[in-house]
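Participant: Sequences listed follow chains A and B, in order. When you line the first sequence up against my numbering, it's residues 1454 to 1778, in that order. When you line the second sequence up against my numbering, it's residues 9 to 369, in that order. Yeah, the Cβ is synthetic: ideal placement off N, Cα and C, and Gly gets one too. Please read these numbers as outputs of a predicted model, since none were measured by experiment. Mind having a look at this structure? Questions to follow.
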Amino acid sequence: MVTMNMVQAIGNALAVEMARDPTVVVLGEDVGIDGGVFRVTEGLYEKFGPTRVIDTPLSEACIAGASIGMAMNGLKPVAEIQFLGFSYFALDQMICHAARIRNRSRGRLEVPMVLRTPYGAGVKALEHHSESTEALYAQIPGLKVVVPATPREAKGLLISAIRDPDPVVFLEPTRNYRLIKEEVEEGDFTIPIGPARKVKDGKDVTIIGWGAMMPIIQEAASKAEADGTSIEIIDLRTLSPMDTDSIMESVKKTGRAVIVHEAPRSCGIGAEIAARICEQALLSLKAPVERVTAPDITVPLPKGEHFYYVDPDRVHRAIRRVMAF
Amino acid sequence: MLSDEFNPLDGKMLQVIGADGTVCKRLEPNLDDDLLKRAYRTMILSRVADEKAVKLQRQGRIGAYPPSRGQEASQIGPAMALGPEDWVIPGFRELTALLWKGVPLLNLFLYWSGNEEGNAYPEGVRVTPGVIPVSDQIPHAVGVSYASKLRGETVVTMTYFGDGGSSEGSFHEGLNLAGVLKTPTIFVCQNNQYAISLPRAKQTASKTIAQKAIAYGFPGIMVDGNDVLALYAAAKEAVDRARAGEGPTLIESYTYRIGDHTTSDDATRYRSQSELQEWETKDPLARFRVYLTNKGLWDDIMEKTSIEEARSRVDEESQKALDHSPPQLDDVFKYTYKTMPPGLLNQLSALKKDLGLGGAD
C-alpha cells in the first residue's frame, strides 16, 4: 500500500494498465510532455513513448472519434478531455457512435474506450470548468458512467473501466483531486463497475451521493450523528448502469432518503433515484425523499459560487427535515 | 506524384478514360483483365440493386434509401486499390464500394429494409456499418488507421464522405489529426455536386475540395469521378504512400448524383433538367464499357448476360431480405452492452410481460 492522492492514483492506474496491456493508449490535449493540465498523466510519456501517449491537436470531437476508431480496431484508448465542460464537442461522437456501434453492428464491433474528464465546481475556476452534467451521459444507452470519490476508488474503478468491453465515461471530481490522501494498493487492483459502495452503516436516514459530494455528505453525517441521528451513506460510484438494489435495501431499512448531487436539480440523476424509490420502496418511506442539489441555474463564477454549491449544512438541514416529518 | 502533376490549386483533374472513351496510355494503370471485368460486373450489380431499392421504396416495401446511381465509379475505383486486409469506413452512399469489399447484397437490402441485422457483415469483411451523421466516420477512420500503424501493420484505411461532409467539423478535425499523426488513411470525397439541395459552390468558397489537403500538410488530388481507372490510379498511389508510412491523401472524386438525395427528396426542386441530362451522358458504366470493349474484354452478349445475372441475384437477395424474420424483443435489447446490466434485464422482462410475450417473472 502506498499513500496517494487521486491524481497520483489515476496516474498509477494508467501506468499499471499500460505496462500490463500493450493495447492501452492514452490520448488528449497536453497529456504527453506536459503530463496533463492536472498532471494526471505525468511520467507516462517518458515511460511509454509518443505512440502510446499521444499529444493531440485541440480537437475534442476528434479525440473521441479517433478513440472510437482505435477501439474498433483492437486498441483500448483512454482519452482525456481537460474539463467536462469541453466534452460537449465530443458528445456527438459519444452518443451517436461510441454508445451505439455494438448495437449498430449486431455485436460484430465494440468500442472499449474510456473518456476521462475532471468535473465539478468548488474549485474557483473559470466558466465551463465547473460543470456537473453527468446526467447528459447517464441517459445514453450503451454508455457507462463512473464517478470515483477517493484515490483508492479511482484506481480500482479506472482499471476496471479500461478493461470494460463497453465505452465508459469516467468523471473525476476536480475538487477531490488533491483533497484526500489514502492508502492505495500497488500494482494490479480493480473495483467492479456497477455495485454501489456502502460508506457507513446506519439506521435512520440513507444519504445517496457520489464523487465530489462524498466528503460533504460525510461532514453532514457527523453533524447529524451528533444530534443523535444514525446515518447510512451510499456512494453510488457507477451512475449508469445504476445499482438500484443497494439503494432499495438501504431505504427499506431506514425509511428515509436524502439524495445529494451538485448538478442542477431538474432531470438530474437524483430525479431518477427518487423515481426508483417511489416505484420500489414507497411503502417503506417515513418521509418524502429529499434532494439536495444545485438550483437550475448556470454555475456562477467564483464570487457567486457559494449560492450554487452544496455545503454540509444544507445536507444537514435536509436530514433534519426528513427526521422531523 | 500524380498530385504534383494534377495540382488542385491549378484546378487540374486527373482523367484516364476521356468522355469519348479515348485512353491516356501514359496514365493507364496496368490491371489484370479479370479484375477489370469483375469491377465492371460489380458496377452493373450495384446499378441494378440501386434501381431495385428505389423501386421497393416507391412500393412502400423498404424505408428511405439514398441512391448511388451515377457514382458507381466514384465508389468502386478507390476501393479497387485496397486489399482484403484494408478497411473501408463508409458514410451512407457507398453501395458499389461495399459490394466490392464483400458485403453481401442480402445484408444491404436487410439494412435498408429497416433491420440492423443487415449490419452484421461476415467475418473478415473489413467494413464498418454505414454512418448517417455526416462525416462523423472520418475521425473513426483516423483511429482505425492509427491502430494499424501502431501495431506495425501495412494495413490502410479508406473512408468516404461527400462534398457536404467537407464542411463538417469532423472533416477538418479528422484530416488535421491524420496529417499530424501521419496515419495510413485515404480520404475519398465523393463530390456529387449537391448536399441535398445545396450546390457545391455554396458549400465552400474553395475552388476545389482536393486543395483543402494542402492546408493539412498532405497531398490532395481531384479526379474525374466517373472514370474508374483515374480513381484507381489516384487511390493506388495514395495506398502505396500510406503503406510506406508516408501518411494520408485526400482524393476528390468529381462526380454527380443522378438520383435524389434519398427517396424522400425531390431533386427537381433545386436543379435543372438540362444539367441532369448533361451528366447522364457521362455515365460511368457506359464509359468503362467502351474501354473494356476497345480492349476486347467485353461484348454485347456479356453485357446482356451480366445484367440478367445481376437482376436475378438482386431479385433473389432482396426477396430474402423482405422475407427475413423481423427482430425479436430480445434482439433490440441485447447489443446495448456486452453483458446486459441487471436493470436492463428487468426492463426487458417487464416489457415482455406488458406486451404479453411471456417469459416474465
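1. Return the CA-CA distance between I7(B) and A242(B), expressed in angstroms with no decimal places.
2. Taking the alpha-carbon of Q145(B) as reference, which of L118(B), A128(B), F195(B) has the nearest alpha-carbon?
3. In the DSSP assignment, the beta strand (DSSP E) including E1636(A) goes from what residue to what residue?
4. Quick one: residues in its chain with C-beta nearer than 6 Å to the C-beta of T1659(A), no 5 flanking neighbours on either side, listed in chain order?
5. Beta-carbon of N115(B) versus every beta-carbon of chain A: anything under 8 Å?
6. Exposed or buried, which one is C1720(A) when buried takes at least 16 other CB atoms within 10 Å?
7. E254(B) versus chain A: which residues are under 9 Å apart at the beta carbon?
8. Am I right that L300(B) and L44(B) are in contact with their C-beta atoms under 8 Å? What's the rounded C-beta distance?
9. What does DSSP give as the partner residues of M166(B) in its beta bridges?
10. Can you name, in chain order, every residue of its own chain whose Cβ lies under 7 Å from the Cβ of G366(B), other than the five neighbours on each side?
11. Over what stretch of residues does the beta strand (DSSP E) that includes S1693(A) continue unbroken?
12. Mind checking which residues open and close the alpha helix (DSSP H) that includes K60(B)?
13. Closer than 8 Å, CB to CB, is C1731(A) near chain E or not?
14. Comparing the C-beta of K346(B) with each C-beta of chain A, is any distance below 8 Å?
15. Using the beta-carbon count (16 or more within 10 Å), is D369(B) buried or exposed?
16. Measure the CB-CB distance between S1699(A) and A1734(A) and report whether it falls below 8 Å.
17. If contacts are defined as beta-carbon pairs under 8 Å, then K190(B) and G255(B) qualify, I think. What distance do you get, rounded to the angstrom?
18. Since R1631(A) and V1460(A) are thought to touch, with beta carbons under 8 Å apart, how far apart are those beta carbons, to the nearest angstrom?
19. Going by the DSSP bridge assignment, what does N199(B) pair with across the sheet?
20. Rounded to whole angstroms, what's the CA-CA distance from R249(B) to I1554(A)? Just pull it up for me.
21. Any beta-carbon of chain B closer than 8 Å to the one on M1471(A)?
22. Looking at chain B, which residues of the stretch 1536-1550 of chain A have a Cβ within less than 9 Å of any of its Cβ atoms?
23. Chain B partners of I1534(A), CB-CB under 9 Å?
24. Check whether chain A comes within 8 Å of A155(B), counting only Cβ atoms and requiring the distance to be less than that.
25. Looking at the secondary structure, which residues open and close the beta strand (DSSP E) in which G151(B) lies?
26. Which full runs of the alpha helix (DSSP H) of 4+ residues lie inside the stretch 1543-1603 of chain A, going along the chain?
27. Considering only DSSP beta bridges, list what P1717(A) is partnered with.
28. Ordered along the chain, which non-local residues of its own chain (more than five positions away) have a Cβ less than 6 Å from that of P1765(A)?
29. Just reading off the alpha helix (DSSP H) that P1645(A) is part of, what are its end residues?
30. When you compare only the Cα positions, how much space is there between L237(B) and G99(B)?
31. What does the alpha-carbon distance come out to for the pair T289(B) and T270(B)?
32. In chain B, which residues lie with their C-beta within 8 Å of the C-beta of T1504(A)?
33. Counting contacts by CB-CB distance shorter than 8 Å, is C1720(A) in contact with chain B?
34. Could you please give me the residues that DSSP links to F1539(A) through a beta bridge?
35. In angstroms, rounded to a whole number, what distance separates the CA positions of L90(B) and K1597(A)?
36. Assign L1624(A) to one of three DSSP states: helix, strand, or coil.
Facilitator: For this structure:
1. With chain B covering only 9 through 369, there is no way to say anything about residue 7(B).
2. F195(B)
3. 1635-1637
4. E1685, S1703, V1704, T1707, A1710
5. no
6. exposed
7. Under the 9 Å cutoff, chain A gives no residues; its nearest Cβ is about 17 Å from E254(B).
8. 6 Å
9. V96(B), I194(B)
10. K360
11. 1691-1693
12. 41-66
13. Chain labels in this structure do not include chain E; the protein chains are A and B.
14. yes
15. Only weak support exists for where D369(B) lies, its pLDDT of 47 falling under 50; the value from the coordinates is given anyway. So D369(B) ends up on the exposed side.
16. no
17. 4 Å
18. 6 Å
19. According to DSSP, N199(B) bridges with Y262(B).
20. 30 Å
21. no
22. F1542, D1545, Q1546, C1549, H1550
23. Those do not exist, as I1534(A) stays about 14 Å from chain B at its closest Cβ, beyond 9 Å.
24. yes
25. Where G151(B) is concerned, there is no enclosing beta strand (DSSP E), although the alpha helix (DSSP H) it sits in stretches over 145-158.
26. DSSP runs (the alpha helix (DSSP H)) wholly in the stretch 1543-1603 of chain A: 1554-1557, 1587-1591.
27. A1747(A)
28. I1669, E1672, A1673
29. Neither: P1645(A) is in no alpha helix (DSSP H) and is coded neither H nor E.
30. 23 Å
31. 22 Å
32. Those are L158, listed as they occur along chain B.
33. no
34. None, per the DSSP bridge assignment.
35. 36 Å
36. Of the three classes helix, strand and coil, the one that applies to L1624(A) here is strand, per DSSP.
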